[in-house]
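Chains S and V are the protein sequences, given in the same order. Everything in the first sequence is counted per this note's numbering, starting at 1 for the first residue and increasing by one. Everything in the second sequence is counted per this note's numbering, starting at 1 for the first residue and increasing by one.
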Amino acid sequence: GAVVSQHPSWVICKSGTSVKIECRSLDFQATTMFWYRQFPKQSLMLMATSNEGSKATYEQGVEKDKFLINHASLTLSTLTVTSAHPEDSSFYICSAHGDSYNEQFFGPGTRLTVL
Amino acid sequence: DQQVKQNSPSLSVQEGRISILNCDYTNSMFDYFLWYKKYPAEGPTFLISISSIKDKNEDGRFTVFLNKSAKHLSLHIVPSQPGDSAVYFCAASARGGSEKLVFGKGMKLTVNP
Numbered sequence: 001g002a003v004v005s006q007h008p009s010w011v012i013c014k015s016g017t018s019v020k021i022e023c024r025s026l027d028f029q030a031t032t033m034f035w036y037r038q039f040p041k042q043s044l045m046l047m048a049t050s051n052e053g054s055k056a057t058y059e060q061g062v063e064k065d066k067f068l069i070n071h072a073s074l075t076l077s078t079l080t081v082t083s084a085h086p087e088d089s090s091f092y093i094c095s096a097h098g099d100s101y102n103e104q105f106f107g108p109g110t111r112l113t114v115l
Numbered sequence: 001d002q003q004v005k006q007n008s009p010s011l012s013v014q015e016g017r018i019s020i021l022n023c024d025y026t027n028s029m030f031d032y033f034l035w036y037k038k039y040p041a042e043g044p045t046f047l048i049s050i051s052s053i054k055d056k057n058e059d060g061r062f063t064v065f066l067n068k069s070a071k072h073l074s075l076h077i078v079p080s081q082p083g084d085s086a087v088y089f090c091a092a093s094a095r096g097g098s099e100k101l102v103f104g105k106g107m108k109l110t111v112n113p
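Shown next, in the form of structure tokens:
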């Protein structure tokens, strides 16, 4: 299957700072990337869908000004959590979909802890 | 409203036996279903999928069955191995896997040696 990486794998930051998380498709071109969030013992909740070169589509209840998503190339999407607060602490996971596959492939996730 | 439901939070089976994981969905627009396996602090790993035009798909020890009339699918793992112990998520999408996935809450499978 295809490989998707995320960086960083974990990050600790102070409240009020911004954090950028990268999602890369390593061996295929991802026309669509998805960002999910998972709370402990909960399911993955889709935050937004991004297509290369266009604005992301956010799910209901997700603040687009707080969670900035950029999908500038077919292999890279970034999620920036702006002015992070402790309630933003979570496990953030991206997935990527390319024309060569029917499935989405997931990155390993990023654990964000906001102090 | 939860569109994809995994009603049993956990399952424990003996090594070598069959594991059956169930999933129900409510949205009749879903036409593509997937199973993912997830370890703590890792991203989900794709296991197997099935399109709504099929009722069964098999890949090695993993078989997924789809009953469209009942809006139900199941994942069978035979024989179960201790390395299969993980959380399994059922997911569904409309118009193929390129559309956003809706996940169930997951089921923790424990395979005892």
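Note that beta-carbon positions come from the ideal geometry of N, C-alpha and C, so glycine has one too.
Contact check, Phe28(S) vs Ala2(S), beta carbons under 7 Å: yes
CB contact below 7 Å: Gly61(S) versus chain V: Among the residues facing chain V, Gly61(S) is not included, as its CB has no counterpart in that chain under 7 Å away.
Neighbour list for Lys105(V) in chain S, Cβ cutoff strictly below 9 Å: Lys41, Gln42, Ser43
Cβ pair His85(S), Ser5(S) closer than 7 Å: no
Local conformation of Asp88(S) per DSSP, three classes: Here Asp88(S) sits in helix by DSSP.
Euclidean distance between Cα positions of Gln6(V) and Gly60(V): When the Cα atoms are used, Gln6(V) and Gly60(V) turn out to be separated by approximately 23 Å.
Minimum C-alpha distance to Phe34(S) - residue among Arg111(S), Ser100(S), Ile93(S), Leu112(S): Ile93(S)
Contact with chain V by Ile93(S), beta-carbon distance below 7 Å: yes
Burial state of Ile77(V), where buried means 16 or more other Cβ atoms lie within 10 Å: Buried, by the Cβ-count rule.
Cβ of Glu42(V) within 7 Å of any chain S Cβ: yes
Option nearest His71(S) by Cα separation, candidates Ser25(S), Ser18(S), Val11(S): Ser25(S)
Chain-ordered chain C contacts of Phe28(S) [CB-CB under 9 Å]: Chain labels in this structure do not include chain C; the protein chains are S and V.
is_contact[Thr49(S), chain V] using C-beta, thresh 7 Å: yes
Proximal residues of chain S, C-beta to C-beta of Leu34(V) below 7 Å: Glu103
CB contact check: Lys108(V) to chain S, cutoff 7 Å: no
Beta-carbon gap between Ile21(S) and Thr113(S) smaller than 7 Å: no
Close beta carbons around Leu76(S), own chain, < 6 Å, minus the five adjacent residues each side: Arg24
His7(S) to Thr110(S) span [Cα, whole Å]: 7 Å
Between the CA atoms of Glu42(V) and Phe62(V) - distance to the nearest angstrom: 21 Å
contact_flag[the region 77-87 of chain V, the region 43-56 of chain S] where n(CB pairs < 8 Å) is 3 or more: Taking 8 Å as the limit for Cβ pairs, the verdict is that the region 43-56 of chain S does not touch the region 77-87 of chain V.
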